[in-house]
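Worksheet: the structure to be examined is printed underneath.
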Amino acid sequence: MYSAIADQNGQFTIPAVRPGTYKLQVIAKGVVGKYIQNNINVQANENTDTGTINWRQESHGKLLWQIGVPDRTSAEFKSPAGFPSPVPNLEGTPLFK
Numbered sequence: 005m006y007s008a009i010a011d012q013n014g015q016f017t018i019p020a021v022r023p024g025t026y027k028l029q030v031i032a033k034g035v036v037g038k039y040i041q042n043n044i045n046v047q048a049n050e051n052t053d054t055g056t057i058n059w060r061q062e063s064h065g066k067l068l069w070q071i072g073v074p075d076r077t078s079a080e081f082k083s084p085a086g087f088p089s090p091v092p093n094l095e096g097t098p099l100f101k
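So the mapping is simple: the working numbering equals the position in the sequence shown, first residue as 1, plus 4.
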């Protein structure tokens with residue numbers, strides 16, 4: 005598996021990819037779903053241009069409400085302020101002073 009992060013213009017380079025046929029998967033912060041392009045052929049000692057990718061975000065009807073931002077992390081669900089942590093606080097116990 006190879007990976008890269010695109011720049012502000014959407015350009016990316018993945019160096020030292022072995023020749024073969026690959027599947028390109030693209031994810032983006034704030035976007036539901038992912039873009040997939042199959043059968044990308046990489047030749048030895050050549051650059052492979054995937055061309056311009058026109059990605060239409062998945063939609064399953066009108067958005068009524070949303071919790072958090074789709075960014076593939078659980079950060080927004082980690083013990084919000086004012087709620088107890090699921091991990092016990094051991095600092096006050098005699099063994100952990």
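A virtual CB, placed ideally from N, CA and C, is assigned to each residue, including glycine. Fair warning: this is a prediction, and the values are worked out from it, not measured in the lab.
Roughly how many angstroms lie between the CA atoms of residue i and residue j, to the nearest whole one?
i      : j      : result
Asn-42 : Ala-79 : 31 Å
Asp-11 : Thr-17 : 10 Å
Ile-44 : Thr-56 : 14 Å
Lys-33 : Asn-13 : 15 Å
Arg-76 : Tyr-39 : 15 Å
Pro-74 : Val-35 : 6 Å
Ala-8  : Gly-72 : 25 Å
Pro-23 : Thr-54 : 15 Å
Asn-58 : Thr-52 : 17 Å
Tyr-26 : Pro-19 : 14 Å
Leu-28 : Gln-15 : 14 Å
Have a look at the DSSP bridge pairing and note the partners of residue i.
i      : result
Leu-67 : Partner(s): none; Leu-67 has no beta bridge.
Ile-44 : Tyr-26
Tyr-6  : DSSP lists no partner for Tyr-6.
Round the Cβ separation of residue i and residue j to the nearest angstrom and send it over; I've been treating them as touching at under 8 Å.
i      : j      : result
Tyr-6  : Val-30 : The pair is not a contact, with the Cβ atoms about 13 Å apart (cut-off 8 Å).
Gly-37 : Gln-61 : 7 Å
contact_flag[the region 44-52, the region 64-75] where n(CB pairs < 8 Å) is 3 or more: No: fewer than three Cβ pairs fall under 8 Å.
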